[in-house]
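K.L.:
Each position in the sequence shown, counted from 1, maps to that position plus 11 in this note's numbering.
My structure is below; once you've seen it, I'll send some questions.
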Amino acid sequence: MAPDKFKLAVLVSGRGSNLQAIIDSIEKNDLQAEIAIVISNVKDAYALERARKHGLEGLFLDPKSFPDRNSYEQGLVEQIQSKSVNLICLAGYMRVLGKHFIETFSGRIINIHPSLLPAFPGLNVQKRALEHGARFSGCTVHYVNEEVDGGPIILQAVVPIIDDDDEASLSERILEQEHIIYLEAIRLILEDRLALSGRRVLHDK
Ligand code: GRF
Numbered sequence: 012m013a014p015d016k017f018k019l020a021v022l023v024s025g026r027g028s029n030l031q032a033i034i035d036s037i038e039k040n041d042l043q044a045e046i047a048i049v050i051s052n053v054k055d056a057y058a059l060e061r062a063r064k065h066g067l068e069g070l071f072l073d074p075k076s077f078p079d080r081n082s083y084e085q086g087l088v089e090q091i092q093s094k095s096v097n098l099i100c101l102a103g104y105m106r107v108l109g110k111h112f113i114e115t116f117s118g119r120i121i122n123i124h125p126s127l128l129p130a131f132p133g134l135n136v137q138k139r140a141l142e143h144g145a146r147f148s149g150c151t152v153h154y155v156n157e158e159v160d161g162g163p164i165i166l167q168a169v170v171p172i173i174d175d176d177d178e179a180s181l182s183e184r185i186l187e188q189e190h191i192i193y194l195e196a197i198r199l200i201l202e203d204r205l206a207l208s209g210r211r212v213l214h215d216k
């Protein structure tokens, strides 16, 4: 019998280009994984359409159908647990995850962020990097802990900022790199090549 594939849950809220990069890489057999479920907190997220087009389960979990934040998170936990996933990938998921969720899946949640963390956590980060006059930006894949965009860093890619950049042009060049390093990070995890030492992630130790 073939061994079980490494299972992913992907959490999204919008466009879903990182989700698409993961789907494409799996379909090309570059990534030996399967997406067990895609969950969105936004009903009309284009990411859900991308999932369904590829025959994946795309679930809209409506925050408004739960009495409070904790029960929403419990709903999310149950959906993910029912799929026995190995790794949860946040891909443009715009809700902050709470303690219960993070503790339940401790060490098994990763996020992609469009800046060189710890610079520019939070929102509108490409705009803020430009306004700040930063000469380099980029993207970061990190483990998720309770600090927003503050978990241990797995991979980064540097994108130089050029004088003519505006938010759109910079975001586009960063996004190209996101699609590369997010896949690399998932591959490192599924090949069990990462270890945590304090807040540092060691590769191939
Ligand atoms: C990306 O820039 C990602 O870094 C950030 O949200 C955006 C999501 O884009 N967390 P997409 O939905 O994957 O196209």
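Glycine included, each C-beta is placed from N, C-alpha and C at the ideal position.
The model shown is predicted, which means the values in this text are computed figures rather than measured ones.
Can you give me the start and stop residues for the beta strand (DSSP E) that Q167 sits inside?
P.N.:
Q167 -> beta strand (DSSP E) spans 164 to 171.
K.L.:
Under the DSSP definition of a beta bridge, which residues are partnered with N122?
P.N.:
L101, H153, per the DSSP bridge assignment.
K.L.:
Can R146 be considered in contact with ligand 1, in the sense that its beta carbon sits closer than 7 Å to one or more heavy atoms?
P.N.:
No.
K.L.:
If I99 sits next to A20, beta carbons under 8 Å apart, how far is it from one beta carbon to the other, in whole angstroms?
P.N.:
With 8 Å as the limit, I99 and A20 qualify as a contact, their Cβ atoms being about 5 Å apart.
K.L.:
Using a Cβ-based criterion (distance less than 7 Å to any ligand heavy atom), does L30 qualify as near ligand 1?
P.N.:
Yes - ligand 1 has a heavy atom lying nearer than 7 Å to the Cβ of L30.
K.L.:
So is the beta-carbon of V159 under 7 Å away from any non-hydrogen atom of ligand 1?
P.N.:
False, no ligand heavy atom lies under 7 Å from that Cβ.
K.L.:
Using the three-state DSSP reduction, which class does V107 fall into: helix, strand or coil?
P.N.:
V107 falls in the coil class under three-state DSSP.
K.L.:
Alpha carbon to alpha carbon, how far is Q137 from D174?
P.N.:
Distance between the alpha carbons of Q137 and D174 is about 14 Å.
K.L.:
Any chance the CB of E189 is under 7 Å from a heavy atom of ligand 1?
P.N.:
Yes; taking the cut-off as 7 Å, the Cβ of E189 has a heavy atom of ligand 1 nearer than that.
K.L.:
Considering only their Cβ atoms, is the gap separating C150 from I217 smaller than 8 Å?
P.N.:
The question about residue 217 has no answer, for the chain in this structure spans 12 to 216.
K.L.:
Taking the C-alpha atoms as reference points, what is the distance between V219 and F112?
P.N.:
Past the edges of the chain, shown from 12 to 216, lies residue 219, and the structure says nothing about it.
K.L.:
Classify V21 as helix, strand or coil using the three-state DSSP reduction.
P.N.:
Here V21 sits in strand by DSSP.
K.L.:
Cα separation between A140 and P129?
P.N.:
Cα to Cα, A140 sits roughly 12 Å from P129.
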